[in-house]
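Novice: All residue numbers for the sequence shown refer to the working numbering, where the first residue is 309 and numbers rise by one. Think of the CB as a built atom: it goes at the ideal place given N, C-alpha and C, for glycine as much as any other residue. Predicted model only: the values in this text are computed from it and were never measured.
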Amino acid sequence: MSEDAIMRLQQTGLFKRLREIEKKEVNETCLEDNEISQNIISVVRKAAPLLDRVPENMPEFTLHNANHSIHVIENMGRIIPPETLKQLNAIEISILIYAAYLHDIGMIASRGEHKEIVKTNEFKQLLTSNEELYEKFEEAKNRGDYEEALDIENKAFTDFLRRNHVQRAHKIIKEYELDSEISWRGISYSKWVKTVCESHGLPVKDLYNTKLWPNDTFVLEQPVNVQYLAIIFRLADILDIDPERTPKFLFYFINPKDEVSINEWKKHFSITGFQITPEKIKIVADCKHPQHERTLREFIKIIDNELEDSHRLVSSYRGDLETKYILKLPEKVDHDIHSVGYEYRDFRFELDYRRVLDLLMGEGLYGDPVVALRELLQNSVDAVRYRESLEKRDGNGYRPSIEVSLKNNELIVEDNGIGMDEEIFKNYFMKVGRSYYQSSDFREKNVDIDPVSEFGIGILSVFMVADKFAVESRRKTFEDEFNLSEPIYFEIPTAYDYFIKRQSKRSKPGTKITLHLKPNHPFSAEALMEIISKIAPFIEYQIKINTDKAESKYKPLLPGEMPEDDNRVNEYFKVHLSEINKFEGIQGVLRVTEEEKNIKLVAQRGFSIPYYVAFGACLFRHVDASVNISGRAKLTLSPNRSSVIINENFCKLTDKLQSEILSGLEMHLIHCKDSMKPAEYAKYINELLDKRVLSLETGYIPQVFSYREHEINEYMKKIFLNNVPENGERSYEIIKNLDKLTTVAITASSDWPEKISEIKIEEETKKLIYPRPVLLLDEEKGHFTKLEFFNYILGGPSEIYITSIPGVVISLFSSSEKESKAFKIDGHTFISKIHNVNENIKPLFVHSLERNLPFDVIFNSEHWLLSRFFNDQQPKDELSLKAIKILTHCIDNALAIVWDIVLSGYYERKNEMGSCRDINHRLIGVTRYYPEVFEEFNEAVQEFWKEAQSQGVVYMEEKFCGLTLDDLPWFWNCEPK
309 MSEDAIMRLQ
319 QTGLFKRLRE
329 IEKKEVNETC
339 LEDNEISQNI
349 ISVVRKAAPL
359 LDRVPENMPE
369 FTLHNANHSI
379 HVIENMGRII
389 PPETLKQLNA
399 IEISILIYAA
409 YLHDIGMIAS
419 RGEHKEIVKT
429 NEFKQLLTSN
439 EELYEKFEEA
449 KNRGDYEEAL
459 DIENKAFTDF
469 LRRNHVQRAH
479 KIIKEYELDS
489 EISWRGISYS
499 KWVKTVCESH
509 GLPVKDLYNT
519 KLWPNDTFVL
529 EQPVNVQYLA
539 IIFRLADILD
549 IDPERTPKFL
559 FYFINPKDEV
569 SINEWKKHFS
579 ITGFQITPEK
589 IKIVADCKHP
599 QHERTLREFI
609 KIIDNELEDS
619 HRLVSSYRGD
629 LETKYILKLP
639 EKVDHDIHSV
649 GYEYRDFRFE
659 LDYRRVLDLL
669 MGEGLYGDPV
679 VALRELLQNS
689 VDAVRYRESL
699 EKRDGNGYRP
709 SIEVSLKNNE
719 LIVEDNGIGM
729 DEEIFKNYFM
739 KVGRSYYQSS
749 DFREKNVDID
759 PVSEFGIGIL
769 SVFMVADKFA
779 VESRRKTFED
789 EFNLSEPIYF
799 EIPTAYDYFI
809 KRQSKRSKPG
819 TKITLHLKPN
829 HPFSAEALME
839 IISKIAPFIE
849 YQIKINTDKA
859 ESKYKPLLPG
869 EMPEDDNRVN
879 EYFKVHLSEI
889 NKFEGIQGVL
899 RVTEEEKNIK
909 LVAQRGFSIP
919 YYVAFGACLF
929 RHVDASVNIS
939 GRAKLTLSPN
949 RSSVIINENF
959 CKLTDKLQSE
969 ILSGLEMHLI
979 HCKDSMKPAE
989 YAKYINELLD
999 KRVLSLETGY
1009 IPQVFSYREH
1019 EINEYMKKIF
1029 LNNVPENGER
1039 SYEIIKNLDK
1049 LTTVAITASS
1059 DWPEKISEIK
1069 IEEETKKLIY
1079 PRPVLLLDEE
1089 KGHFTKLEFF
1099 NYILGGPSEI
1109 YITSIPGVVI
1119 SLFSSSEKES
1129 KAFKIDGHTF
1139 ISKIHNVNEN
1149 IKPLFVHSLE
1159 RNLPFDVIFN
1169 SEHWLLSRFF
1179 NDQQPKDELS
1189 LKAIKILTHC
1199 IDNALAIVWD
1209 IVLSGYYERK
1219 NEMGSCRDIN
1229 HRLIGVTRYY
1239 PEVFEEFNEA
1249 VQEFWKEAQS
1259 QGVVYMEEKF
1269 CGLTLDDLPW
1279 FWNCEPK
């Protein structure tokens, strides 16, 4: 590779000019002197292989090899005017050639050097300064994905080399002893080569410093204009747009993932032609994507700025410099860019400053104006935690203090935390969307705290409750104890206006924020304590509260403690989360109680978060929580802190808490079964069933709660079946032996005012389904929850029998997949086997043994309205499915009206069955007492027919034959005997 590089170098105009100068000196002196060109060849022989190693650490970059060096040398030959090139001496030309080969050599690093660099503070600071990249790095490490963490570290290492490659080039030049070869007649001029290399990482304005970039220095008797050489080199480097630098086959081989790298490559791909002469630069391009065109246009702007700045510098030359060192290039690139398949426009969203501020500081984002106080308390707690950590590290005593005052229409929050200086105030407090605690400045301090602040927008919430506010602060400096930072005092009249700075006499570290409250603010002396307790239940600091009426002290709870008013609830069992050693960051207690709507005291880093984040399923609605989350377990909150983002951490935490509750339930039942008498234990299980602590209920819980519902129900099923009471009760005997039974018939005991004997119901049932086992469920003994277990374990009823006894409906459950085959959609079940007393009459639906309308209705897929849409218990096609949905929607509306009637006190008084618990018993005679109920269903079916015809699922010419009372369960129209 070195010899190829040397051969290409020897073909360049710049090297040929160097050889001409050397030959001229030979002719004039009669001495053979090719020292400069031979030294260049020697350096290239060493540098070319090194440059080939650049992709090892910068795999997605465009090529920075010896070919790039050749392009730079060729460009320098193109842009230097001939009259200037003739006047450049061999030293000046050699400096340009050396710079072309050595300016990128700092991008290489050995494996050993790589390992050492990533350990340095400089590298760590760079990694932490990219907040998004560092967050991904930490997340990857925390979840044990070391491959991704290494990829991120390597990406940061590439950035480190890019930023430092100019300075590193100096080190490598010395390490490979290249500086000793950059000499002439025993005099080294490597420092000027390094200076020219260094220039390409700096703005042109730095080149005005003639002490560093002189325009009139000498190497022996040869004059050297280092400043001009730097100008030419920079332009030649930036103008390397030769396709050889970005071969397409290499792009597809590398397959870069970084968007910046992809755009850089495709920017070069877009260039179809270019011309570079001493007086002209033209670029021709065909762009197939607006982003690539935008990248190209931005690149051209950079060249334009470079040209303009370079002209300005060279035009400052006077005397001999003015005539010798000339730059004729235009100040703008002539470009001809074609947009292929689109029209290029620089259109994008622009923010309305005032409107955006209005959104960020209004109730539209935060909802509750009390959030303003929460944000201030969070800032104070973070500041106190920060200072406390540093004081402990230095072995200092420290007594944290946070005070909240509500007096004279002012709300004041003051702390003795770390405080702010003007730099922190300016760079973070004033910058909406920047949080100091999420910055590289904070991470560099290596302080062991888990800050609450995340988004840097919370301070704007104060304008929900205040017209204006003031900030007074002084920062505690630990680096220099004897030079305290200057205190600051700023008044913020509105969110839109400039701040007013005033003198502060504050002597102690800390921050005081004073809100001038609006008339309709939500704070009062009586409610302030309660508000703070809800905001910050588990912070580790007491808060002094001062109002016009009294002085008091808020004492937060410890995780696991409950408010006094909540200790009266009947408790079944509890789980102590602090005993979980393997899962970091969860403290507290979970209690399972008889009440469903208990207090869910869930906080993160001491401050309350939406309580439902980790609880779901019916059992978990009985959970009374006192939990604080921090560290690795912490959840991601929305900016207004009103919701939790469902991500990997959410799932891990949810898994853990649900598992602990289920394990606690299992241990509790085992203990109760072992310690209680069978009858007592059965009574207790019935209570848990009635209270729905033991439940497999589905479809009721909002979406956020339905996390891993199936796995939870499977575990609940296992727990229940392993701990079934053994007191001889038939229902429990059947449940215990479910896996051995092929079918089970279930109906409800009669709860008529004049109770029908269970013997009569059993005789009727056995007459229809004999010899299958029959179970009569009594609602007072966990009827409905037991039924859920049958539904869940056996998959719902496969057959329904409407008996000759009014309201007695038998559900037949089968463990056979063939027998239990049913179609379910949108909470509705369709089966083909609904048996009626009169086998010639097929009702459209009947209720199962559940309790609510319009839910838990079983539809008859053999009914004339539905049978046309089914084939082997499945919808025939998409149109049929559409029709089924339309019909069930119309029927649901009619059922909802029926339910309103059934729930009315008038119905109970009018119909002696109206007070029954079982829904089918309750519906006995409903159409006899309320004939309009039938009309509701008739109209519902007519509505379906019209809608189905308009949707093309029923022929337009087919007439609706009407609904009759026979299409409803027969006992709806009978009178109790």
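Can you tell me whether K482 is buried or exposed, with buried defined as 16 or more other CB within 10 angstroms of its CB?
Specialist: Counting Cβ neighbours within 10 Å, K482 comes out exposed, since fewer than 16 surround it.
Novice: Whole angstroms are fine: how far does the CA of V474 sit from the CA of Q535?
Specialist: In a straight line, the C-alpha of Q535 is about 17 Å away from that of V474.
Novice: Which residues share a DSSP beta bridge with H930?
Specialist: For H930, which the question treats as bridged, DSSP gives no partner whatsoever.
Novice: DSSP state of W1289, grouped into three classes?
Specialist: Summary: the structure shown does not reach residue 1289, with the chain confined to residues 309 through 1285, and so no result is reported for it.
Novice: Within this structure, are the beta carbons of F465 and S507 separated by less than 9 Å?
Specialist: Not closer than 9 Å, so no.
Novice: Please list the terminal residues of the continuous alpha helix (DSSP H) segment that includes Y992.
Specialist: Run containing Y992: P986 to D998, per the alpha helix (DSSP H) assignment.
Novice: Check S971 in the structure and name its three-state DSSP category.
Specialist: Reduced to three states, the DSSP call for S971 is helix.
Novice: Do you know how far the Cα of F323 is from the Cα of I405?
Specialist: Rounded to whole angstroms, I405 to F323 spans 8 Å at the Cα level.
Novice: Quick check: the Cα distance between L317 and K423, rounded to an integer number of angstroms?
Specialist: Near 35 Å, if we compare the C-alpha coordinates of K423 and L317.
Novice: Contact defined as beta carbons within less than 8 Å: I believe N957 pairs with L943. What is the distance between those atoms, to the nearest angstrom?
Specialist: Their Cβ separation, rounded to whole angstroms, is 6 Å, which keeps N957 and L943 in contact under 8 Å.
Novice: If you draw a straight line from the C-alpha of N889 to the C-alpha of E699, how long is it?
Specialist: A caution first: N889 carries a pLDDT of 46, below 50, which makes its placement in the model unreliable, though a value can still be read off. If you take the alpha carbons of N889 and E699, they lie about 28 Å apart.
Novice: For R1230 versus G1135, is the C-beta distance shorter than 9 Å?
Specialist: Cβ distance not < 9 Å, so R1230 and G1135 don't count as in contact.
Novice: Between which two residues does the alpha helix (DSSP H) harbouring N1168 extend?
Specialist: Careful: N1168 lies outside any alpha helix (DSSP H), inside the beta strand (DSSP E) at V1165 to N1168.
Novice: Quick one: what's got a C-beta closer than 7 Å to V721's C-beta in the same chain, skipping five residues either side?
Specialist: Cβ neighbours of V721 beyond the five flanking positions: L684, L685, S688, V712 and I821.
Novice: Using the beta-carbon count (16 or more within 10 Å), is S488 buried or exposed?
Specialist: When all chains shown are included, S488 counts as exposed.
Novice: Evaluate the contact criterion for the region 830-844 versus the region 794-808: three or more CB pairs, one atom per stretch, below 8 Å.
Specialist: Judged by Cβ distances under 8 Å, the region 830-844 makes no contact with the region 794-808, as fewer than three pairs qualify.
Novice: Is K1132 closer than 9 Å to E1107 when the C-beta atoms are compared?
Specialist: No, these two residues do not count as a Cβ contact at 9 Å.
Novice: Which of the three DSSP states, helix, strand or coil, is assigned to S647?
Specialist: DSSP places S647 in strand when its eight states are reduced to three.
Novice: Taking the CB atoms as reference points, tell me whether D856 and L714 lie closer together than 9 Å.
Specialist: It is a contact, given that the beta carbons lie within the stated cut-off.
Novice: Please list the terminal residues of the continuous beta strand (DSSP E) segment that includes R899.
Specialist: It spans I894 to T901 - the beta strand (DSSP E) in which R899 sits, taken as one unbroken run.
Novice: Just to confirm, are T901 and H930 a CB contact at a threshold of 9 Å?
Specialist: Going by C-beta atoms, T901 is nearer than 9 Å to H930.
Novice: What number of angstroms, rounded off, separates the C-alpha of G509 from the C-alpha of R1016?
Specialist: So the two alpha carbons sit approximately 55 Å from each other.
Novice: Just reading off the alpha helix (DSSP H) that A1191 is part of, what are its end residues?
Specialist: Per DSSP, A1191 belongs to the alpha helix (DSSP H) from E1186 to L1211.
Novice: By Cβ distance, which residues of its chain are closer than 7 Å to F1268, with the 5 residues on each side in sequence left out?
Specialist: So the list reads Q1250 and W1253, once near-sequence residues are dropped.
Novice: Apart from the five residues just before and just after A356, which ones in its own chain have a Cβ nearer than 6 Å to its Cβ?
Specialist: These residues qualify, in order along the chain: M309, S310, A313 and A374.
Novice: Tell me, to the nearest whole angstrom, how far the beta carbon of M728 is from that of S781; I am working on the premise that it is less than 8 Å.
Specialist: That pair is a contact at about 4 Å.
Novice: If you run the structure through DSSP and keep just helix, strand and coil, what is K449?
Specialist: Here K449 sits in helix by DSSP.
Novice: So is V334 buried or exposed if we call it buried at 16+ other beta carbons inside 10 Å?
Specialist: By the 10 Å Cβ count, V334 comes out exposed.
Novice: Pop quiz: I634 and T392 are said to be a contact at Cβ under 8 Å. What is the actual Cβ separation, rounded to whole angstroms?
Specialist: Contact flag correct, Cβ pair sits at about 5 Å.
Novice: Tell me where the beta strand (DSSP E) around D723 begins and ends.
Specialist: Unbroken beta strand (DSSP E) run through D723: E718 to D723.
Novice: Could you check if G818 is buried or exposed, using at least 16 other CB atoms within 10 Å of its CB as the buried criterion?
Specialist: Label assigned to G818: buried.
Novice: Beta-carbon within less than 8 Å of M984's beta-carbon, same chain only, minus the 5 sequence neighbours each way: which residues are those?
Specialist: Cβ within range, chain order: Y992.
Novice: Quick check: the Cα distance between R695 and P511, rounded to an integer number of angstroms?
Specialist: So the alpha carbons of these two residues sit roughly 40 Å apart.
Novice: Can you tell me which of the three DSSP states Q583 falls into?
Specialist: Note: Q583 maps to strand in three-state DSSP.
Novice: Throw me the rounded Cβ distance for the A1202 and E1240 pair, which I believe falls under 8 Å.
Specialist: Between E1240 and A1202 the Cβ distance is about 11 Å, and since that is not below 8 Å, they are no contact.
Novice: Using only the alpha-carbon positions, how far apart do A1046 and D998 sit?
Specialist: The question names Ala, but residue 1046 in the sequence shown is Leu. Approximately 21 Å between the Cα atoms of the pair.
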